[in-house]
Every structure is written in C-alpha cells, then in structure tokens.
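Going letter by letter, the sequence shown gives residues 47 to 769 in this note's numbering.
Where a beta carbon is used, it is the ideal one built from N, C-alpha and C, also for glycine.
Predicted, not measured: the structure shown is a model, and the values here were computed from it.
Down below is the structure, laid out as structure tokens.
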Amino acid sequence: MTHNELQSLCEKMTLNEKIGMVHGAALFKTKAVERLGIPAFTYSDGPMGVRPEYEDSAWIPKNLSDDFTSYLLSNTALASTFNPELAYEAGKILGEETRGRGKDMILGPGVNIHRSPLCGRNFEYMSEDPYLSGAMAVPYIKGVQESDVSACVKHFALNNQETRRNDVDVNVSERALFEIYLPAFRAAVKEGHTLGIMGSYNKFMGTYCSHHPYLIDEILHKEWGFDGITVSDWGSIHDTVEAGNAEIDTDMRVTDNFDEYYFAEPLKKAVEDGRVSIEKLDEKIMHILNVMNELHMLDGERKAGTYNAPSSGEKLLKAAEESVILLKNEDKLLPLDKKKMKKLVVIGDNGSRLHALGGGSAEIRALYELSPLMGLKMTLGGNCEVVYEPGYYTRVTGHAWGRDSNSQWIDFTAVKELTAEEIASLNVKYLESAKASCKDADAVIFIGGLNHDHDVEGKDKDSMILPGGQDTVIKELLKIRPDMIVAMIAGSPVDMHEWLDDARTLLYYSYNGMQGGLAFAKVLFGEVNPSGKLPTTLPLTLEDSPAHSLGEFPGNDAVNYGEDLYVGYRYFDTYGVKPAFAFGHGLSYTEFSFGELKASVKEDSCESGTCSAPSLSVRAALPVTNAGDRDGAVTVQFYVRPVDSPVKRPLKELRGFEKQFLKIGETKDFTKEFDAYSFSYYDEERKCYVTLPGTYEICAAFACDDVRSVAKVEIGREYTISR
Ligand code: BGC
47 MTHNELQSLC EKMTLNEKIG MVHGAALFKT KAVERLGIPA FTYSDGPMGV
97 RPEYEDSAWI PKNLSDDFTS YLLSNTALAS TFNPELAYEA GKILGEETRG
147 RGKDMILGPG VNIHRSPLCG RNFEYMSEDP YLSGAMAVPY IKGVQESDVS
197 ACVKHFALNN QETRRNDVDV NVSERALFEI YLPAFRAAVK EGHTLGIMGS
247 YNKFMGTYCS HHPYLIDEIL HKEWGFDGIT VSDWGSIHDT VEAGNAEIDT
297 DMRVTDNFDE YYFAEPLKKA VEDGRVSIEK LDEKIMHILN VMNELHMLDG
347 ERKAGTYNAP SSGEKLLKAA EESVILLKNE DKLLPLDKKK MKKLVVIGDN
397 GSRLHALGGG SAEIRALYEL SPLMGLKMTL GGNCEVVYEP GYYTRVTGHA
447 WGRDSNSQWI DFTAVKELTA EEIASLNVKY LESAKASCKD ADAVIFIGGL
497 NHDHDVEGKD KDSMILPGGQ DTVIKELLKI RPDMIVAMIA GSPVDMHEWL
547 DDARTLLYYS YNGMQGGLAF AKVLFGEVNP SGKLPTTLPL TLEDSPAHSL
597 GEFPGNDAVN YGEDLYVGYR YFDTYGVKPA FAFGHGLSYT EFSFGELKAS
647 VKEDSCESGT CSAPSLSVRA ALPVTNAGDR DGAVTVQFYV RPVDSPVKRP
697 LKELRGFEKQ FLKIGETKDF TKEFDAYSFS YYDEERKCYV TLPGTYEICA
747 AFACDDVRSV AKVEIGREYT ISR
C-alpha cells in the first residue's frame, strides 16, 4: 500500500479502533480492526527462539505439544563467534520460526552493553563493545526481517543492570552515551533497518526511557529517522500524557487489566480532552500501519515461515561450534584423542544440565537441547565408558515463569530447596565419588559455570564467585588430575582466580543453543578447531572491573556511570589492569602467523577546512598464514589508536574485524575499509562525532592484548559525522 492509502486507512478508523491498536488486548497482542482488514499485531520473546505460548490474559504456560521450537544461541554466544554470517543465519532461522508460529514481531536482539559482570541479563546482550554488538546485530536483524516479521531491538536504552531496573535513574555522560551505549542501537536502525525498538524500564536523567523526549523523539526518531514501531517494555510506560505525546507506539504490560493500560481508556480520555492530540495518536497508528504494510499484513502475499526445519539444526551446530572459546591449552592437552578413550569422566552440573527453559523472558521450550554429556556420548559411541559425576550440589530448576491463581510469580518447575546441612553432606559425598571415579580415567572433564538461576532476568548476581563451591571442587580435583580439562558455561564472567594457574586447559562459552553439547564434544575431540573469541573481558576478580572498582554498581535510586568511556577492555587496556583473559582472546589448535599490516589513506580534496564523512577512506590489509598443522578459522581484530590525541580517549578501540577459514599452509588477506567514524570521538559541544587530523595507529590483533602488526596513518583534516 502507498503512504496515502495507509493515511486514508488511518482516517477511516474510529478513536476506539485506534486505541485498540496501541495497547495490549492480551499479554502479547493488540486488537484487530476487522472492519478495515487490519489484523491484531502479535509479539513473542525473543531472543533465543520463539517463546512457548502463554494464556492470553494470564502468565500460565499453555504447555502445548506443538510449541517446542529451535533453541538458538544466546546473543553473547553469537557475538563470541565474531562471525556476522552466522548472526545472519541465526536471525534468518529466528525470523522463519517467528512467522511459522504466526507472530509478527520477535523481541530481540538485545544490544545493551555488558557494563558489569553481575548483570543478570548479560547473556541476552552481545558484548561490552559497541562496534561488535552493532556488527553482529545488523545481519541478525536483516536475517529476521527476511521472513516478513519484525525484529525488536531492546532495551532502548541503558538497561545495564537488573537491580531496581524498573526505575533506577542512570547518570551517564553524553560522551559515554554516544560512544558506548547508543552506537549499537544506531547501527541497528541506520544499517539494520530494524522495524521495531523496545524502550527500557529504567530512567535516564530523571525521566523514564520509554517515553523520554530526548532519547525517543529527538535521537531515535528525528536524528536517526526511525519510523518503525517503538514498543514499551512490558510495563515501562508510567504516564499517559507524557507517553502519549512521545513517539512510543504501544503500551504492553504484564497484567490483565487491559482496559486500564495507559494507552487504553486513559489515552482515549486524554485525546478527547486534548491533553494528547489526535495527530500524536495518528503518528503512532501510522508507525504501526507502516510496519504492517512492510510485513505484508495488509495486502499482498505474506511469507508463511516454518519452524523446526531440519536444516536449522545443522546451521545452529555450526554457530555453536564457533561460539566455543579456547582460553588456555598448555602442552597442547587438547584436543583429546577419541581413539584412546576407554573411560571418560565428566564432572559438574553443566555437564548434564539443560538451559533452554530458563532466564526469564528468553526461555524456550527447545525442540531438543543436547547437553555436553549427550554430545560426548554421541561422539564417542558405545566403546567408551562415560561416567557422570555431579561433583557438587546444584538446585534443580527450570524457571518456567508464570503467575499462579493468586497472581503470584512462581517458577513452575522449582523443586523444594534442601537445607544447608543436607547440601553440605551431599557435597562431601559428590566430591569423594568424583575423586574416586577420575583416578583410572583416560580423561577427566569438569564442566561448571553458571545457569539461569544466576544469568536471569529480574535480578543481578551477588558476586562473580562460582556457585556451589565449584572452586574447591576444581582445586581438589586438579590435585589428583592436573590434566583435568576445565570448561565453563556461563552467560557472564565468573571469577576463576583461585585455580586458574593450575588448570592447564580452559574452555568458555555462553548458552549456545540446542546443539551446544555436540559442538562442545566436537571441539574437545578436534573434529572442530575452536575459533570463538571473548566478546567481553574476563576480569580476574569483580573488584578489577571498572564499575566495581569505583563502587558504582548497582547504585541506589540512581546509578552513576563513573567509569565513563572506560567500559570493559577500554578500561583494562588504558589503565594497564591485567584481566584473567582479555577481550577478543580465544585460541586455536593451529598457529596463525600475521604478516605486515599496510594501510593507505584516501582523502577527497575539499574547499573548506572541514569535509563531510564520506570523503575519508582508509584501507588496511594484512596477510595471515595458517602456520600450524590443522585447518582452522581466525579472526583478525582491527583496533584504532589515536597517537597524541588532544582529547582524552581510550588507548585503542575495536573498529573492524574479519574472520576467515585457512587450510594448513594457506595465506589469505584480511582487509578493512575504515571511514571517518572509525577514528572519531563524540564531541559534547558540537553534538556530533569528530575525527581530528593527526596520526593514528591501526592495530591488527589476535586479541585485545595481542597486537601483532601496526600501521600508522596520517589524517590530514577534520571530519564531522552526525550522531
Ligand atoms: C522483558 C522484555 C520482554 C518482555 C516480554 C519484559 O519483562 O524485559 O525483554 O521482551 O518482558 O516478555
């Protein structure tokens, strides 16, 4: 339909019909206008697959036999692949399944920045780095939206903690806002062309983000030109008139008093008595109609989608394989030789745990989920004895959220917690049993970390310490099996300093979907050469991480982002604080030799002293050779480092990366084209990004703390880029 046709459709609607379109008439659905052929708009979480069905007006899972779906990688796991093609493939599967389940908008991806290791929702977000977050979110969104459904990038903005998430007031400098916290959203809008954005619960400078005139109207709509649907988080609107007058389009909540929502009867009244103009309401209707039109919900042929396609399993296996990060591999202990395995001992709760149905709104009823134990047994077959030992006690929980008949939030899968004494005695028993089992094993693998009791929406972790006394168990076991393989599955950083030096191997990854266990086994036995990279620094201890070293987490009514630009590696790198493992770290079973990085600058001549952004182009290229004895993939990370900058800046910042697969002995060129934005900082006075003339170094790195080749470039003039 043309814009004029959509406009005349809007003109034909009664006030009641318009009001029905801008608020939930069910927990995940607005009202249809059947008279005019406008369907209801249906949402689903997001982002690890299509969420199982709930009753329309109660958080009671329907427990259907047909709503099991593909369980995708968490956004953190996806980011650790450093492979935008895989982000596109994952997005494509998610889009197909969203449509296949009859939904219109999937509530993901999440691109908030990992500010603290403790944030309960880190696993739903990509990274501590805005460039990586944007570079992975853009193809993901494109993949989703190919199936005539909309992505919904969340949570706009500054949702970096769950503690008091509903009203904590975030104080952040304008510079950090534009350099750290907004660029991934900007990329999602400007490059990913997302059709949906979700407002966050928290406040920014005293005003709720979901109807923040500066964030929503000024930045998102006016400056970035977003004209899709801006949906509230479920219950993030707090004022009918303020939100009615802002460009937030739909009011969704977690309660069933649908007619009382701010955008239901109260908005109708506000329009009738002129506190919100009909033009403002029409603006919301036009955003919704525009998206419906894009998705072929109003005319034309809409794609049907599907779910649980057999081919999705293969693609998700590849993504899961690339998400596994090898952090340590002394004496080349890994990979293990499958043929030599007669007895394998797997110790630790994450060896056998399934994670899909947990985490809060990201929960999925997975079509299947392969635990590491399952993956190992599938790979080894029947000639090897695989012994499983819990090693330590962990609560059995699945976190299928819902409200009971008294409207209380409950975990439908929770079982009674044991007493401290019962837990202590189980722990003794489990450890003794694990010790006994591992003595005569050909290999021992400890698989610990976190689960969705910790990486979960609605609360932050209390500390970075591994739960269940895992530190003790690992230390005890390493004494008798110094060759024990250690693996951590966690959606956020954990403290490993007590045993890190003693462990000769370490694998690390976030929840990586239905094929995770098989991917793990393939890496372990060398059928897959690991290529994952840390999307977030692993600090040695919590106190080492910037927000915590300043005591600026989680704040009280307000939280002050005192570390400013120095989030994640920008802090560790600039201030010389050694983390456990640096951003971008991740080993391979082969060796890569980096050649010389060469960079050339192309600046268009222009009359005045200041040129516009497109006239600067810097090309960097370097050859990389697989110098080891296995085929494998490598990611070259390109960081930009200003030399003698008159403005205070982080030591270096990621501005590009490229991942390629190299056969043994093969050499390939890794290239990156930089524009003026790549060299810029945000200028608070001028309200734009600025690249100053001067010398810059481009660093080609294997990890943030492993720069292999540097090229200097001279930029002759100043560039400004709109924010
Ligand atoms: C979460 C959102 C989610 C929504 C709907 C909220 O509590 O913050 O991320 O999409 O619920 O389930």
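If you follow the alpha helix (DSSP H) that residue i is part of, which residue opens it and which one closes it?
i: residue 620; result: 615 to 620
i: residue 207; result: Segment: none, residue 207 is in no alpha helix (DSSP H) and carries neither H nor E.
i: residue 232; result: 229 to 236
i: residue 66; result: 61 to 67
i: residue 240; result: Run containing residue 240: none; DSSP gives neither H nor E here.
Is the Cβ-Cβ distance between residue i and residue j less than 8 Å?
i: residue 261; j: residue 169; result: no
i: residue 698; j: residue 686; result: yes
i: residue 276; j: residue 245; result: yes
i: residue 214; j: residue 248; result: yes
i: residue 435; j: residue 480; result: yes
i: residue 182; j: residue 133; result: yes
i: residue 760; j: residue 737; result: no
i: residue 558; j: residue 366; result: yes
i: residue 605; j: residue 157; result: no
i: residue 735; j: residue 769; result: yes
i: residue 572; j: residue 420; result: no
i: residue 163; j: residue 510; result: yes
i: residue 177; j: residue 700; result: yes
i: residue 431; j: residue 485; result: no
i: residue 626; j: residue 618; result: no
i: residue 474; j: residue 527; result: no
Return helix, strand or coil for residue i, following the three-state DSSP convention.
i: residue 47; result: coil
i: residue 221; result: helix
i: residue 184; result: helix
i: residue 658; result: In this predicted model, residue 658 has a pLDDT of only 48, less than 50, meaning its place in the structure is not dependable; the value taken from the coordinates is given anyway. If DSSP states are grouped into helix, strand and coil, residue 658 belongs with the strands.
i: residue 56; result: helix
i: residue 260; result: helix
i: residue 107; result: strand
i: residue 554; result: strand
i: residue 534; result: strand
i: residue 100; result: strand
i: residue 275; result: strand
i: residue 159; result: coil
Which one or two residues does DSSP pair with residue i in a beta bridge?
i: residue 757; result: 744
i: residue 253; result: 250
i: residue 668; result: 716
i: residue 734; result: 729, 768
i: residue 434; result: 392
i: residue 324; result: Its beta-bridge partners do not exist; DSSP assigns none.
i: residue 172; result: DSSP output for residue 172 lists no bridge partner at all.
Please report the straight-line C-alpha distance between residue i and residue j, rounded to a whole angstrom.
i: residue 347; j: residue 195; result: 13 Å
i: residue 590; j: residue 171; result: 21 Å
i: residue 543; j: residue 370; result: 21 Å
i: residue 411; j: residue 116; result: 8 Å
i: residue 51; j: residue 294; result: 23 Å
i: residue 235; j: residue 101; result: 32 Å
i: residue 390; j: residue 469; result: 26 Å
i: residue 658; j: residue 232; result: Here the model assigns residue 658 a pLDDT of 48, short of 50, so the residue's position is not dependable, and the following value carries that caveat. Computed Cα separation, rounded: 19 Å.
i: residue 610; j: residue 596; result: 11 Å
i: residue 264; j: residue 224; result: 14 Å
i: residue 69; j: residue 307; result: 7 Å
i: residue 256; j: residue 110; result: 33 Å
i: residue 17; j: residue 551; result: Since the first residue shown for the chain is 47 and the last is 769, residue 17 is missing from the structure and cannot be characterised.
i: residue 397; j: residue 91; result: 27 Å
i: residue 49; j: residue 337; result: 12 Å
i: residue 502; j: residue 211; result: 13 Å
May I ask which residues mark the beginning and end of the beta strand (DSSP E) holding residue i?
i: residue 484; result: Run containing residue 484: none in the beta strand (DSSP E); it sits in the alpha helix (DSSP H), 466 to 484.
i: residue 687; result: 678 to 688
i: residue 719; result: 713 to 720
i: residue 145; result: Taken as a continuous stretch (DSSP letters only), residue 145 belongs to no beta strand (DSSP E), being part of the alpha helix (DSSP H) at 130 to 146.
i: residue 595; result: No beta strand (DSSP E) holds residue 595; the alpha helix (DSSP H) holding it covers 592 to 595.
i: residue 425; result: Run containing residue 425: none in the beta strand (DSSP E); it sits in the alpha helix (DSSP H), 418 to 426.
i: residue 704; result: 699 to 708
i: residue 517; result: From DSSP, residue 517 is part of no beta strand (DSSP E) but of the alpha helix (DSSP H) over 516 to 526.
Under a CB-based cut-off of 8 Å, is residue i close to chain B?
i: residue 464; result: The structure shown contains no chain B, having only a single protein chain.
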